[in-house]
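Heads up: the structure comes next, in structure tokens.
Residue numbers (our numbering): 22 to 473.
Right under this line is the structure:
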């Protein structure tokens, strides 16, 4: 969808999709911070701010000792707890400390000490037992995990997962193009390309196949088996078209198709080539219909989603390079490349505006996108890098190991983990995240991933 299409008749639905996703993302961010806020207050830490967004404060209200508010840039959120940075050994660094990061560390500690009030001595974050600090820092990511599970549970049990049906979505034009993996019902056959059996028999998109070779058809899996095992003999086919049954006759061809394993992946032989088997082929693609499942199917769907997200995170540097190459060169951007919140909003707009899928599929897709986004936030925030939640968890675990080792060796307590000492790494990670965000936003504006 380009900018011209945005201002056609579908633009209200497009904007509605963006608005719905923006509200969903804002709620996800707000609940993430609630996941930090609740245990922090339960453990007695004084929380001075709960904010959704960054930058200038748009709205705020103080309740008790905490200021709750919304900021102008909706790209995250935070809660501010006193005592995130312990005092340095031997006192605060002096104002004439040399070096950029030494000065930053001194200023950070000075600001932290300036927020302390009488009676706050035992309400500082760093004074909590290690396990309580870990609970606070994991509260946000675990909230995203819970949101993601709820979203996918609603999709699986309330709407269903996409399953191929017996209704024809596309009819291949040419046998040769299908064999080459270039199926496209809109393409025209060349002079030397034979028509696909489905096209020759008169099958049309929208036809529902009622029977094949005299056998009633109840599922795509059954139909696919009948086609693959039927060989190349001519067989009768009955389809439902515009409410009436139409009798056709089709002559499949036998072609080589890859052998698939239990996971649906092609099997390779000892030489590294795809194993193939001769099967019947007619050249139709099925429509996808939502089939509700049971709650017991949710763990498998969640596991599959996690697997996909882990794959993206592991290959993130490569994927970002591909996005940059597509943005600044003529390379095509991969359809499964990472996106910013701008790209997620655009996808939501396209899903809402399209007339290619029914309304229930649109709603299910939006909920699924929001669930996947929360799973991504869960995984991303667990990375052991400051200033992410996982970095603070890693710091607390390191502190526990140091203190346990000191006790074993009967040495003095090494003290709490000091995030201020990690400021160079923290700023480096933050700069990398900002650069990644800018790149993805630019790509999502000028070279977006298109769903349709």
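Glycine included, each C-beta is placed from N, C-alpha and C at the ideal position.
No experiment lies behind these values; they were computed from the predicted model shown.
Look at the Cβ atom of residue i, then the Cβ atom of residue j, and state whether they are nearer than 8 Å.
| i | j | result |
| --- | --- | --- |
| residue 474 | residue 417 | The chain is shown from 22 up to 473; residue 474 falls before or after that span and cannot be answered. |
| residue 238 | residue 187 | yes |
| residue 75 | residue 91 | no |
| residue 278 | residue 308 | no |
| residue 54 | residue 99 | yes |
| residue 363 | residue 466 | yes |
| residue 435 | residue 427 | yes |
| residue 225 | residue 255 | no |
Can you tell me which of the options puts its alpha carbon nearest to the alpha carbon of residue i?
| i | options | result |
| --- | --- | --- |
| residue 64 | 103, 39 and 35 | 103 |
| residue 406 | 449, 367, 421 and 366 | 449 |
| residue 398 | 252, 360, 158 and 166 | 166 |
| residue 260 | 393, 253 and 269 | 269 |
| residue 83 | 95, 77, 244 and 69 | 69 |
| residue 312 | 389, 41, 182 and 56 | 182 |
| residue 412 | 159, 318 and 171 | 159 |
| residue 147 | 61, 220 and 94 | 61 |
| residue 140 | 66, 174, 37 and 456 | 66 |
| residue 396 | 265, 323, 419 and 354 | 323 |
| residue 241 | 52, 184 and 194 | 184 |
| residue 325 | 169, 41 and 88 | 169 |
| residue 95 | 101, 78 and 87 | 78 |
| residue 461 | 355, 444, 380 and 445 | 355 |
| residue 86 | 52, 93 and 136 | 136 |
| residue 218 | 236, 384, 447 and 271 | 271 |
| residue 193 | 295, 178 and 222 | 222 |
Near residue i, what residues of its chain come up, given a Cβ to Cβ distance below 8 Å and the 5 sequence neighbours on each side ignored?
| i | result |
| --- | --- |
| residue 386 | 372 and 378 |
| residue 228 | 188, 189, 260, 261, 262 and 267 |
Using C-beta distances below 6 Å, list every residue in its chain close to residue i, excluding the 5 sequence neighbours before and after it, in chain order.
| i | result |
| --- | --- |
| residue 464 | 344 and 348 |
| residue 162 | 399, 402, 403 and 410 |
| residue 50 | 73 and 98 |
| residue 155 | 414 and 417 |
| residue 249 | 300 and 301 |
| residue 34 | 373 and 374 |
| residue 342 | none |
| residue 203 | With a pLDDT of 41 at residue 203, under the threshold of 50, the modelled position of that residue is not reliable, and the figure given next carries that caveat. So the list is empty, once near-sequence residues are dropped. |
| residue 391 | 45 and 172 |
| residue 389 | 176 |
When DSSP labels each residue in this structure, what does residue i get in the three-state scheme?
| i | result |
| --- | --- |
| residue 385 | helix |
| residue 185 | strand |
| residue 338 | helix |
| residue 204 | Bear in mind that the predicted position of residue 204 carries a pLDDT of just 42, short of 50, making it unreliable; the figure below should be weighed with that in mind. If DSSP states are grouped into helix, strand and coil, residue 204 belongs with coil. |
| residue 393 | helix |
| residue 117 | Because the pLDDT of residue 117 is 41, which lies under 50, any placement of that residue in the model is unreliable, and the question is left without a value. |
| residue 49 | helix |
| residue 80 | strand |
| residue 375 | coil |
| residue 232 | strand |
| residue 101 | strand |
| residue 443 | helix |
| residue 174 | helix |
| residue 356 | coil |
| residue 474 | The question about residue 474 has no answer here: the residues shown for the chain are numbered 22 through 473. |
| residue 407 | coil |
Going along the chain, which residues of its own chain have a beta-carbon closer than 7 Å to the beta-carbon of residue i, five neighbours each way excluded?
| i | result |
| --- | --- |
| residue 43 | 366 |
| residue 251 | 234, 273 and 301 |
Which partner residues of residue i appear in the DSSP bridge assignment?
| i | result |
| --- | --- |
| residue 301 | 275 |
| residue 92 | 78 |
| residue 309 | 185 |
| residue 262 | 265 |
Does residue i come within less than 8 Å of chain B when only Cβ atoms are used?
| i | result |
| --- | --- |
| residue 161 | Absent from the structure: chain B. Only one protein chain is present. |
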